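Engineer: In the numbering used here, the protein residues as written are 4 to 306.
Note that CB positions come from ideal geometry on N, CA and C, so glycine has one too.
All values reported here derive from a predicted model rather than from experimental measurement.
1. Cα-Cα, which of 70, 62, 80 is closest to residue 44?
2. Excluding the five sequence neighbours on either side, which residues of its own chain have a C-beta within less than 8 Å of the C-beta of residue 64, listed in chain order?
3. State the Cα-Cα distance for the pair residue 216 and residue 183, rounded to the nearest angstrom.
4. Can you name the start and end residues of the alpha helix (DSSP H) that residue 134 belongs to?
5. Let me know if residue 146 comes out buried or exposed under the rule of 16 or more other beta-carbons within 10 Å of its beta-carbon.
6. Going by the beta-carbon positions, is the gap between residue 140 and residue 99 smaller than 9 Å?
7. Return the bridge partner residues of residue 192 from the DSSP annotation.
8. Counting only the same chain and skipping the five closest in sequence on each side, list residues whose C-beta sits under 7 Å from that of residue 210.
9. In angstroms with no decimal places, state the Cα-to-Cα distance between residue 67 and residue 56.
10. Whose C-alpha, out of 177, 189, 110, is nearest the C-alpha of residue 280?
11. Are the CB atoms of residue 181 and residue 142 nearer to each other than 9 Å?
12. According to the neighbour-count rule (16 or more other Cβ atoms, all chains shown, within 10 Å of its Cβ), is residue 76 buried or exposed?
13. Could you give the first and the last residue of the continuous beta strand (DSSP E) run that contains residue 21?
14. Report all residues from its chain with a CB closer than 6 Å to the CB of residue 246; omit the five preceding and five following residues, and keep chain order.
15. Does the separation of the CB atoms of residue 47 and residue 16 fall below 9 Å?
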């Protein structure tokens, strides 16, 4: 995937909302979320699956007010393939495939999007040990794959482990490593279910960021300010990154691999790579000097 496409797809937050509750979908578009994730899976009872699909399709057939993704049912279920066909409209930014386990499922979803002439990307949600075991194969199953995520609560139940324990961190880091090795964007952290625990959410977000996640799924608008606080680069962090990228140009002109910025930061290839990641995020959020407010930017990335 090209860096330009990754930049276009960057969001700090995706707000989940059930496809069977149109009034809540409207509220999701009115919220501070960077992107809306209409759910056709766990939050929708079997009796309302067809209705939720129709509702989601009305949004993706037009130009929605925010980037719009749809979590479809497993491609191994009776609903998954028809979910993809129904929502593959011009307003669809991406399909999030629940309980992904095999490369064939990924290729099937990619084919359905191509047949519909839909440019949307694929997010793969891994919720079983079987899916996690082949994460590298899933990440490279199709050029349509843009992100890998973890359904932590389903996975935790299968592994019989603590959500905050070492086993889940092993799973998280495995997905992060596989994503980056495949050239995909850094993955987005999964949901935090305790809506009334702002402190717990803050701790969890900080831990996720330290592991390498970028952005987070939300299940309620009240969670968005905390998610944005953690996953938005600070002003001083952006300033240092810009300075490092500027010094990198000097190093290139001098044919040197290491130089120092005026404030004393060493500029070497790994540090430049980290700075460019900060600039990439800041650019997507229009946070660089001279950029306007918004969720997607066009400011040129320092190289």
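Structural biologist: Quick look at the numbers:
1. Mapped onto the chain shown, residue 44 falls at position 41. When only C-alpha atoms are compared, the closest one is 80.
2. As a working note, residue 64 is residue 61 in the chain shown. Within the same chain, 92, 93, 94 come within 8 Å of residue 64 by CB-CB distance, once the 5 residues on both sides are set aside.
3. Locating residue 216 in the chain shown gives position 213, counting from the first residue. Locating residue 183 in the chain shown gives position 180, counting from the first residue. In a straight line, the C-alpha of residue 216 is about 11 Å away from that of residue 183.
4. Translated into the one-based positions of the chain shown, residue 134 becomes position 131. Looking at the DSSP string, the run of the alpha helix (DSSP H) that includes residue 134 is 132-136.
5. For the purposes of this step, residue 146 is taken as residue 143 along the chain shown, with counting starting at 1. The residue is exposed, with fewer than 16 neighbouring Cβ atoms inside 10 Å.
6. Locating residue 140 in the chain shown gives position 137, where the first residue counts as 1. Locating residue 99 in the chain shown gives position 96, where the first residue counts as 1. No, they are not a contact pair.
7. As a working mapping, residue 192 is identified with position 189 in the chain shown. According to DSSP, residue 192 bridges with 219.
8. Against the chain shown, residue 210 aligns to sequence position 207. The beta carbon of residue 210 sits closer than 7 Å to none of the beta carbons in its chain outside the five residues before and after it.
9. Taking the first residue of the chain shown as position 1, residue 67 is located at position 64. Taking the first residue of the chain shown as position 1, residue 56 is located at position 53. Their Cα atoms are separated by approximately 16 Å.
10. What you label residue 280 is simply residue 277 of the chain shown in a count that begins at 1. Answer by Cα proximity: 189.
11. Numbered from 1 along the chain shown, position 178 holds the residue referred to as residue 181. Numbered from 1 along the chain shown, position 139 holds the residue referred to as residue 142. Taking 9 Å as the Cβ cut-off, residue 181 and residue 142 qualify as a contacting pair.
12. For the purposes of this step, residue 76 is taken as residue 73 along the chain shown, with counting starting at 1. Classification for residue 76: buried.
13. Working through the chain shown from its first residue, we reach residue 21 at position 18. Its beta strand (DSSP E) spans residues 16-21.
14. Along the chain shown, read from residue 1 onward, the residue named residue 246 stands at position 243. Here the set comprises 264.
15. Residue 47 sits at position 44 when you count from the first residue of the chain shown. Residue 16 sits at position 13 when you count from the first residue of the chain shown. No, the pair does not count as a contact, with Cβ atoms beyond the cut-off.
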